[in-house]
Amino acid sequence: MDRERYPSSVLAVGLLIVALLATQCTTPTPQPTVEEKPAEVAEATAAPQPTEPPTAEAAPNIFVYAHPTSFPDLDPAISYSNDSVIMSNCYETLTFYNPPGSDTLLAPVLATDWETNEEATEWTFHLRQGVTFQDGEPFNAEAVKYSIEKTKELGVGAAYIWDAVETVEVVDESTIKFKLSYPAPLDLVASAGYAAWIYSPKTYEQKGTEWFNEGHCAGTGPYTIENYERGSRLVMTRNENYWGGWRAGQFDKIVFEIVEDPVVRQQMIEAGTASFTYEPPPDNLPALAARDDLVVYTNPSYQNLLGLLNTHKPPLDNKLVRQALSYSFPYAQFIEGVMQDRATQAHGPVPAGMWGHSDDLLQYSYDLEKAKQLLAEAGYPDGGFKLLLTYAAGDLDEQQLGELWKADLAKLGIELEIQGMNWEAQWDLSKSDPQNAQDVLVMYWWPDYISPYSFLYSMFHSEEEILFNLAYYSSPEYDQLIDTAYELSGSDRAKATDMFIQAQQILIDDAVSLYFYDLGNTHIARTNVTGYADNPAYPHVVFVYQLTQAE
Amino acid sequence: MATTPNVERAGLQTEHRTARFREYHLMLQAFRRDILAVLSLVVIVLFVLGAILAPLLTPYAGQGRGDPNILEKFRPPSSAHPLGTDYLGRDVWARILFGGRSSLSIGFLVVTVASVIGIPLGATAGYYGGWIDNLIMRITDMFLAFPPLLLAIAIAAALGPSFINAMIAIAFTWWPWYARLVRAQTLSLREQYFVEAARSIGVSDVTIIVRHILPNVLAPVLVQATMDIGSAILTGAAISFVGLGVRPPTPDWGEMISTGRIYFIERPWFAGSAGAAIFLVTLAFNLLGDAMRDVADPRTRRAVA
Amino acid sequence: MHKWEYVIRRLAMAVVVLASVSIITFVIARIIPSDPAAAWVGSHPTQEQIAKARQQLGLDRPLYEQYLRYMRSLLRGDLGTSVRSHQPVATDLKTFLPATMELVLAGMVMAIVIGIPLGVLSGARKGGPLDHVTRLFSIAGVSMPTFWLGLLLQLLFFKRLGLLPLGSRVSTEIALYHPVTRITGFYLVDTAVTGNWVAFKDALNHIILPAFTLGTYAIGLTIRMTRSTMIEVLNEKYILAARVSGLPERTVLFVLALKNAIIPTITVLGLSFVYSLTGALLVEVIFSWPGLGTYVTNAVLSIDFPVIVSVTLVVAVFYVFINLFLDLVQAMIDPRVTLQ
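Protein chains in written order, with my numbering: chain D, 2 to 552; chain B, 565 to 869; chain P, 7 to 346.
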């Protein structure tokens, strides 16, 4: 565009540079809006310490994790997101949920053993002795009491998992007792992937959330945070005083490289610059798996994809129509063509591999004839209506799901409009008046701690004010079934399992949602990294302490 | 006294009109001699025809519109699919043809809407001057203060992803340029004799603007518009690239690059073709605009003899 | 007298413009359907958590009150807190702005180093083979979709030739073994100043492709502008005189002619600079460049309302002040402007 101006844009540019450099000097005091703790003025991040370049003898073993997202919260009482990959290396929980295929469900970590009374309303944990926090403070029952009460008090993130806890009693240095207001499986709760870490009371009191988010750690775990360059990478280094001790071949450092571009992640793992990663460009997995220097771990995760149906808006308020829809989706073609090895068709709302899952439940399949029949029965022999499906914008799998389904629904005379939306926008829409909301909401669900209740309650329990029950489903029979089962989970797991399965049958009969697939986790590691055991209870977490670098 | 002004007015107008026609004639002749210009015009016409006649130019019209063909995903270019297939197995050539519909239209629509808003505002500002001018200029300043792509993205995000909203968002950031251009032209025209003359006879302001000023402003605006269509197409592609344009499965060149990006290194054909399409069309419009500018300015117009 | 009046008037206008920009951005961002309170809390929030967050973030107050609250904290230097990263936007800006600036400036350097000489030579030998090639190159430059060019360059230089890296600012090895000490945030400057030449070379390798991709438009524009003004200037009588008096062609072109052709060219550079700020959005996404572009794109797509508002405002301030500055300078030089 022509501007008849006589410039000194040179001066303008110079001014800009000066202005820019000036911004380096001003440090506005950050105002915390969530944390009640007084925040300290942001300390200048220490200049990164150069790691010793590898010499012949003392080459440090460095584990590089090419991670797809950045890390919002490093405060152990609050953290509720992908930061768990970092947190789980630095903090520990009382119990540990073993990977599928293990002999026992739970393993002792900071608690060596535990017992409960018959109604599962009183839990006593015996704590490990000789453990210290990374700040030097001793690990004891006081610390556990502090951590759990503080997390509960802040009430953010997954803190609600401790809702059943009424009082926490320090019996002695290494014994702690929880009294619950209603029965709950506290041993499972204590193994959760969030909100269950034990951290040093002294450090937490003294420093604030700001301090943690700058890149510091105050746990009992094998690694501690050395340096954090926001948006780029976080470096962890060995905690020499770790109670588990160290053997040869273990990793000295962990580097979390934030790599949002899947192409770059793939390049890094292929070149060996990264030791571990996940989510490469989807269709490249077979090529990666074929390589000698890489191992692809495909395991079930506890994450699944559902399509919640708007049960309050015609024609989906008619059970027959919902069932017809359930028969209209090309499950096999979608899994084979789009997801391939990354997922399996879901068998109900509880994912495979988790207790409470059952392969005996009815699984809808792709059957257009049956769908047509049901539609005719419902009064729509030629379809003739429009449906709106919303999915997470940018998610290629969900987008393809929509595109494929659209083609099949067209054969039934149903017009499907697919709309990619930001999650909050989708959620907002579905929380509004059901008559104006979308007809199908496609979303992922994953549990906060390992129990079918997380799925069955959050998405299908009656709600006065809609939160995640985005199908607006309400069945008192169903509610009662799962509530009772939850209370029994701690004391009579077998009975609880039966009841959860019964509840799922109700949901499937009512065709409240489509159950698209159980997402598998695909993690890629270099072959010279041994000891990795995929654990869906802690999504994408690598417990680097368990790994060794083979030469 | 009633007849004389009319006769004079008519006389002025006819003289003016003939001068203008002669001018256009010269421009057209010069244009025809510029090879690049003619070539660009041909390219543009081909693309537009391709978009309009898309269903006739490919056996895979259904796929072009969005039907999936999952079993043939990611086929490299072959005799069955000259440009290969995309992530849902759809023929890329068909997607490009149908994609032209939204990608090209957005260019034309944006420029049209921006002109429709900008021209009258600019002419009014330039002609009346004073506080009207000030007001309108401050409003354009406000719009120009926004980083254009950012504003377009923000508006598109606010309105929701769709073709119309993307078009509105971009036009919203585009019109100030036209207003300014027209205003500058109007300012200089205003001082010229024929306007003085018209005013002295008693012709109304509106008539002056519409009949005398606008037609003379048309040439530079047209040149600018032609060149802008290319940029508008680029911006439209950028908006789709971020995911805020047409909704899948409707094809769009920007969206094709966006989805194809992560596969590009190993399977370049669908993001590559879409990019090439955008590039060629934008290039053609820019060359055309360049040629038009050369032709409209008597100093740079090559002698026609 | 006139001049000062003009200056004051323009300053006042600038303030008004900025105020309106802030209002418009604020309103637009609030129209976007989303729920910042829920976004703040994270995935799977409970009703209580959302309600609590809504209160803390002041979202239950009427819109104008929220706006005033925002403006007040703005004047204190507080640009709000990102709903996603829970970090103050100002901190994030400090982290990401230098990266973008470095990229944009590198692109401008390319525009100057490549564009001006080519423009001069092309204008001098108008109609010749060099001229045609350059013209084609320059017009291709302004027609090229940046995101496509970036992909092509990656394909060529990374995949086929293996010469340059795929993205980001430095490689992991360098970050670990020869880390860049952060002084200005401009890696090329910081590494040179601290004598960290290994890292300097690495950073240079990483910046070449994205800077070139971003700078292509500026290069094209610069060539065109330099060329056309060069052509005009070269027709002047004093050039003829210089040539006749025996001055070497090199001097005639690059000293005499360029001096007069440079002014509009610099205008174009200024405009390209401003254009590059937004072009950086796309380039950063393709090259995984951790700068403002990636930051803002993510913010818009995830509807991180405080970030969108603050960053738009910051960039608008840039724009307004550049324009104001240019206006004022022109007013100083050209008296006709103030008489309008």
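For each residue, glycine too, the CB sits at the ideal point set by N, CA and C.
Here D:Val171 is bridged, per DSSP, to D:Ile177. D:Tyr303 sits in a strand when the DSSP states are folded into three classes.
Restricting attention to D:Leu181, D:Val171 and D:Ser276, the CA atom closest to the CA of D:His68 is found in D:Ser276. Your pair P:Gly121 and P:Thr232 checks out as a contact, with CB atoms roughly 7 Å apart and the cut at 8 Å. For D:Ser201, the three-state secondary structure derived from DSSP is coil. Residue B:Thr688 holds the alpha-carbon nearest to the alpha-carbon of B:Val770 among B:Pro711, B:Arg747 and B:Thr688. Between the stretch 588-598 of chain B and the stretch 845-861 of chain B there are three or more C-beta pairs closer than 8 Å, enough to call the two in contact.
Contact annotation for D:Trp198 against chain P: no contact, minimum CB-CB distance about 16 Å [criterion: below 7 Å]. Of all residues in the stretch 156-178 of chain D, the ones placed with a Cβ closer than 8 Å to any Cβ belonging to chain P are Gly156, Val157, Gly158, Ala159 and Tyr161, in chain order. For P:Met150, there is no enclosing alpha helix (DSSP H), as DSSP marks it with neither H nor E. Identification of residues in the stretch 832-846 of chain B having a C-beta nearer than 7 Å to some C-beta of chain D yields an empty set. In the DSSP assignment, P:Arg249 falls outside any beta strand (DSSP E) and lies within the alpha helix (DSSP H) extending over Lys243 to Val250. Contact check for P:Ser282 and P:Gly173: beta-carbon distance about 18 Å, past the 8 Å limit, so the pair fails to qualify.
DSSP places B:Thr814 in no alpha helix (DSSP H); its state is neither H nor E. A contact is defined here as three or more CB-CB pairs under 8 Å, and the stretch 85-95 of chain D fails this definition with respect to the stretch 199-212 of chain P. DSSP places D:Thr113 inside the beta strand (DSSP E), whose first and last residues are Ala112 to Thr117. Residues of the stretch 410-427 of chain D with a Cβ closer than 7 Å to any Cβ of chain P, in chain order: Asn423, Glu425 and Ala426.
In the three-state reduction of the DSSP assignment, B:His776 falls in the helix class. Taking each of B:Ser666, B:Leu600 and B:Ala644 in turn and checking the Cα distance to B:Ile616, the smallest one comes out for B:Ser666. DSSP places D:Phe126 in the uninterrupted beta strand (DSSP E) bounded by Glu123 to Leu128. A distance of 8 Å or more separates the beta carbons of P:Asp196 and P:Val176. Contact between P:Leu161 and B:Phe828 is confirmed by a C-beta separation of about 7 Å, below the 8 Å threshold. Of all residues in the stretch 620-639 of chain B, only Gly630, Asp631, Pro632, Ile634, Leu635, Lys637 and Phe638 come within less than 7 Å of chain D when Cβ atoms are compared, listed by chain position. Counting the other Cβ atoms within 10 Å of the Cβ of P:Tyr193 gives 16 or more, which makes it buried.
In summary, no residue of the stretch 469-491 of chain D has a CB separated from any CB of chain P by less than 7 Å. Closest option to B:Arg654, judged by alpha-carbon separation, among B:Leu847, B:Pro779, B:Arg825 and B:Pro813: B:Pro813.
Looking only at D:Ala393, D:Asp188 and D:Asn437, the smallest Cα-Cα distance to D:Leu106 is reached by D:Asp188. Proximity of chain P to B:Asp854 at the Cβ level (cut-off 8 Å) is accounted for by Ile145, in chain order.
D:Leu471 and D:Asp74 have their alpha carbons spaced roughly 28 Å apart. Note on B:Asp631: 16 or more other CB atoms within 10 angstroms of its CB, so buried under the neighbour-count rule. Neighbourhood of P:Met116 in chain B, by CB distance below 7 Å: empty, with the nearest CB roughly 20 Å away. D:Ala344 sits in a strand when the DSSP states are folded into three classes. Taking a cut-off of 8 Å for Cβ pairs, the stretch 342-352 of chain D and the stretch 288-306 of chain D touch, as three or more such pairs fall below it. Under the three-state reduction of DSSP output, D:Gly421 falls in the strand class.
When DSSP states are grouped into helix, strand and coil, D:Trp428 belongs to the helix group. Taken atom to atom, the span from the alpha-carbon of D:Trp446 to that of D:His462 is near 15 Å.
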